[in-house]
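Structure record follows, encoded as structure tokens.
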Amino acid sequence: MSNISEFREPFVGGGSVFFAIRNLFQDRIKSYWINDLNYDLYCFWKQTKDNGPNLVEALTNTHATTADGRALFEELTQAKDQLNQNRDMLCEFQRAVRFFVLNRITFSGVVDSGGYSQAAYEKRFTESSIERVKNISPHLSGVKITNRDYADALFQDGDDVFIFLDPPYWKATESKLYGVRGELHATFDHARFAKNMKKCPHRWLITYDDSPVIRELFNFAEIQEWTLQYGMNNYRKDSAAKGRELFIKNY
21 MSNISEFREP
31 FVGGGSVFFA
41 IRNLFQDRIK
51 SYWINDLNYD
61 LYCFWKQTKD
71 NGPNLVEALT
81 NTHATTADGR
91 ALFEELTQAK
101 DQLNQNRDML
111 CEFQRAVRFF
121 VLNRITFSGV
131 VDSGGYSQAA
141 YEKRFTESSI
151 ERVKNISPHL
161 SGVKITNRDY
171 ADALFQDGDD
181 VFIFLDPPYW
191 KATESKLYGV
201 RGELHATFDH
211 ARFAKNMKKC
221 PHRWLITYDD
231 SPVIRELFNF
241 AEIQEWTLQY
251 GMNNYRKDSA
261 AKGRELFIKN
271 Y
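Structure below.
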């Protein structure tokens, strides 16, 4: 990770890699750009950055005034199809609140496709989870946050750019992790992604699930296999708790 002036993450998701890099390198990397095509997730990160105290206050009030988790779930999901078709139905701030709450009270945090989980409501929608929003807000200061196609981050000019990518996995066609009924996973074009990565002028590192299809699509790059302990039900797997993953890079 030497000689990096800008870090980009086009599929930021939950942000674990971004925050790890930000904490590790701090000011040694001059600029950061995170992106996600999931509009509600984008709203959450944008509002955490720009409106952190008010977001924390709204989440705290929701938590304090909610006695029935299922009723809260029903309230937040009753118009989900209309919400996803019409962005103007809720402002970015309202969508950020909705996203966080649903992420905490649904099975596996699947916002628009998962069902209500009483266990998640009790264990994950907590004061400490809201406190973490407060704590991460300062780490987003100065970070560029966008809601675009991933390719925008691949081809925009920059000096000493490093791009980390965690795209929807090949085996995730039944995943419901992001988007309405999981369409951001199920409809992802892996062949287009490989072609774009081949043309990308910057250094990049991808994490992918191991598949003969992916190995063939990325036969132009360096591929390393590793083993991941699964911790999230992001797609249907065999009973084994571990899965083979790939690091794919162009440097």
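Residue numbers for the sequence shown follow my numbering, so the first one is 21 and each next one is one higher.
Glycine included, each C-beta is placed from N, C-alpha and C at the ideal position.
Note that this is a predicted model, so its numbers are computed, not measured.
With a cut-off of 8 Å on Cβ pairs, the region 155 to 170 is not in contact with the region 127 to 139, counting fewer than three such pairs.
In the same chain as residue 108, and ignoring 5 residues on each side of it, no C-beta atom comes closer than 6 Å to its own. Under the 10 Å beta carbon count, residue 67 is surrounded by 16 or more other beta carbons and is classified as buried. Straight-line spacing of the CA atoms in residue 23 and residue 234 works out to 29 Å. Two segments are said to touch when three or more pairs of C-beta atoms, one from each, lie closer than 8 Å; by this definition the region 178 to 195 does not touch the region 94 to 107.
For residue 39, the three-state secondary structure derived from DSSP is helix. Using a Cβ distance threshold of 8 Å, residue 56 and residue 167 count as a contacting pair. Restricted to the region 131 to 183, the beta strand (DSSP E) segments that are unbroken, complete and at least 3 residues in length are 164 to 166, listed in chain order.
For residue 229, the uninterrupted beta strand (DSSP E) segment begins and ends at 223 to 229. Secondary structure at residue 263: strand, using DSSP grouped into helix, strand and coil. One alpha carbon belongs to residue 62, the other to residue 232, and they sit about 32 Å apart.
Around the beta carbon of residue 29, 16 or more other beta carbons lie within 10 angstroms, which makes this residue buried. Shortest Cα-Cα distance from residue 112 to any of 58, 95 and 172 involves 58. Considering only 138, 49 and 121, the residue with the shortest C-alpha distance to residue 90 is 138. Within the DSSP bridge table, the entry for residue 54 names 29 and 165 as partners. When the Cα atoms are used, residue 142 and residue 98 turn out to be separated by approximately 21 Å. Distances from the alpha-carbon of residue 210 to those of 220, 230, 237 and 221 put 237 closest. Where residue 217 is concerned, the enclosing alpha helix (DSSP H) starts and stops at 210 to 219. With fewer than three CB-CB distances shorter than 8 Å, the region 140 to 154 does not count as touching the region 36 to 43. Judged by DSSP in its simplified three-state form, residue 126 adopts strand.
Note that the C-beta distance between residue 145 and residue 222 is not below 8 Å. A distance below 8 Å between beta-carbons, with the five flanking residues on each side excluded, links residue 125 to the following residues of its chain, in chain order: 89, 92, 93, 136, 137, 140, 141, 144 and 145. For the options 123, 86 and 226, the alpha carbon positioned closest to that of residue 170 is the one of 226. Nearest to residue 78 by C-alpha distance, out of 121, 268, 248 and 270, is 121. Residue 60 is positioned such that its CB atom lies closer than 8 Å to that of residue 118.
Assigned with DSSP and collapsed to three states, residue 68 falls in helix.
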